[in-house]
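Presented below is the structure to which this report refers.
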Amino acid sequence: MLPKVTLIIPTYNRARLLSRALDSALSQDYPALDIIIVDDGSSDNTLEVLTPYLSHPRIRLVSHQHNRGVTAAKNTGLNHLPADTVYFGILDSDDSLYPNAISQLVAAFANGHYSQVFGWCEDPASGERTGTSSVREGVIRYEDVLCGRFRGEFWQLTRLELLGNLRFDERAGGGEGSVWWPLLKVAPALLISAVVRDYHRSGTDRVNLPTLTPTGALKKMWVFRSELNAVGEDMRSLCPAQYAAHCLEEAKWACIAGHKADGWRAWRQAVSAHRSWRAFYMVALFPIPTRLLRRLFALRYA
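Counting along the sequence shown from 1, when you hit position 203 you're at 217 in the working numbering, and nothing is skipped either side.
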């Protein structure tokens, strides 16, 4: 009997892209698959696009009455996982899986007691892989992610029994390290050599004007803060330079959000662990008025 896999697809106002993700999920060559779609309060024609799919016995829709953010949608999916789920994955609603993605990842779990099995992702526009790893395939350990030897966009299945009460920080606008990284402390992961997902770089995946609003910048700040809350002590001990870089990212986004006190706190944490030229030139951000700072970063990311 094949182990049950449940795929969570959170979506918000991506009606024109959603079919790509759903069709790729339904085209998997792995039969023991359930799909949970979490509509995060979409105001476009998402429901119209979904209607033909909802008659499929493997698809379930869960809806938020109001938009709560992508991390909340992911948590809703996690909270609705069927009890017989063995492995689960989360697929962005503008991306797509290769037809044998799930079967390859499930097969790799048989090689050891892994918390997660990762495959590579590729940007279909450039043909480039979107992650960076010190190994093309092999075991990924806790210290590998904390020290930056495994980073970027990969796609994985996760062993549900190890998840427990871990959930994404809903104050953060993305960022999954606060969940995936602590699992590696429980059991290592495995990276296979296969490409399993097309990663489409839409506007919401890049720094853009909405990100540079106070709310958007605050969510970016919480991406780094939530990861530091989860693994910061270990990161500081194992790789102080990486810890400092994480703190400086938190400080930068805190300044853009107008939370200068939080920015100073994060900056002090950075320099107490590892001093760098970047830390000292970032001091110049703090006296700059917040609105002007946002304009300067808008020009930089334009």
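All residues carry an ideal CB built from backbone N, CA and C; glycine is no exception.
Just so you know, these numbers come straight off a predicted model, no measurement behind them.
In the DSSP assignment, find the beta strand (DSSP E) that holds residue i and state where it starts and stops.
i: D48; result: L47 to D53
i: E136; result: Q130 to D137
i: G166; result: F164 to G166
i: A208; result: A203 to D212
i: V100; result: T99 to I104
So the alpha helix (DSSP H) residue i belongs to, where does it begin and stop?
i: E247; result: P228 to L252
i: P196; result: G191 to V200
i: T304; result: T304 to Y315
i: R28; result: That residue, R28, is in no alpha helix (DSSP H); it is neither H nor E in DSSP.
i: L75; result: Looking at the DSSP string, L75 is not in any alpha helix (DSSP H); the run it does join, the beta strand (DSSP E), is I73 to S77.
i: T146; result: Not the alpha helix (DSSP H): T146 falls in the beta strand (DSSP E), residues G145 to S147.
i: V63; result: T60 to L64
i: V159; result: Y156 to L160
i: R292; result: W291 to Y295
i: Q42; result: Careful: Q42 lies outside any alpha helix (DSSP H) and carries neither H nor E.
i: D109; result: Premise fails: D109 is in no alpha helix (DSSP H) and is neither H nor E.
i: S286; result: K274 to A287
i: S117; result: A115 to F123
If we count the other Cβ atoms within 10 Å of its Cβ and call it buried at 16 or more, is residue i buried or exposed?
i: E263; result: buried
i: G191; result: buried
i: G91; result: buried
i: G126; result: exposed
i: L68; result: exposed
i: Y315; result: exposed
i: A79; result: With the sequence shown as reference, residue 79 is identified as Gln, and Ala is not the correct amino acid for it. With fewer than 16 other Cβ atoms within 10 Å, it is exposed.
i: A298; result: exposed
Within this structure, are the beta carbons of residue i and residue j separated by less than 8 Å?
i: H260; j: E241; result: yes
i: V120; j: Y44; result: yes
i: E151; j: S207; result: yes
i: G103; j: N81; result: no
i: A35; j: D109; result: yes
i: W147; j: L198; result: Before going further, note that residue 147 is Ser rather than Trp in the sequence given. Contact flag unset, no.
i: Q42; j: A115; result: yes
i: F132; j: L205; result: yes
i: R3; j: I49; result: Residue 3 lies beyond the range of the chain shown here (15 to 316); nothing can be said about it.
i: Y12; j: P228; result: For residue 12 there is no data in the structure shown, the boundaries of the chain being 15 and 316.
i: P202; j: I154; result: yes
i: D53; j: L75; result: yes
With respect to 7 Å, is the separation between the Cβ of residue i and the closest non-hydrogen atom of the ligand SAM below this value?
i: V19; result: Of the ligands one can find in the structure shown there are none, so the ligand SAM has no counterpart to examine.
Just to check my reading of the structure: residue i and residue j have Cβ atoms closer than 8 Å, yes? What is that Cβ distance to the nearest angstrom?
i: E184; j: T85; result: 5 Å
i: S38; j: L111; result: 4 Å
i: V159; j: L176; result: With 8 Å as the limit, V159 and L176 do not qualify as a contact, their Cβ atoms being about 16 Å apart.
i: F182; j: N89; result: 6 Å
i: A287; j: Y257; result: 5 Å
Does any C-beta atom of chain B lie closer than 8 Å to the C-beta of residue i?
i: G55; result: Although the question refers to chain B, the structure presented lacks it and comprises just one protein chain.
Taking contact to mean 3 or more Cβ pairs, one atom from each stretch, closer than 8 Å, check whether the segment 123-140 and the segment 203-213 are in contact. yes
For the segment 225-240 and the segment 262-278, state whether three or more C-beta atom pairs, one from each stretch, are separated by less than 8 Å. yes
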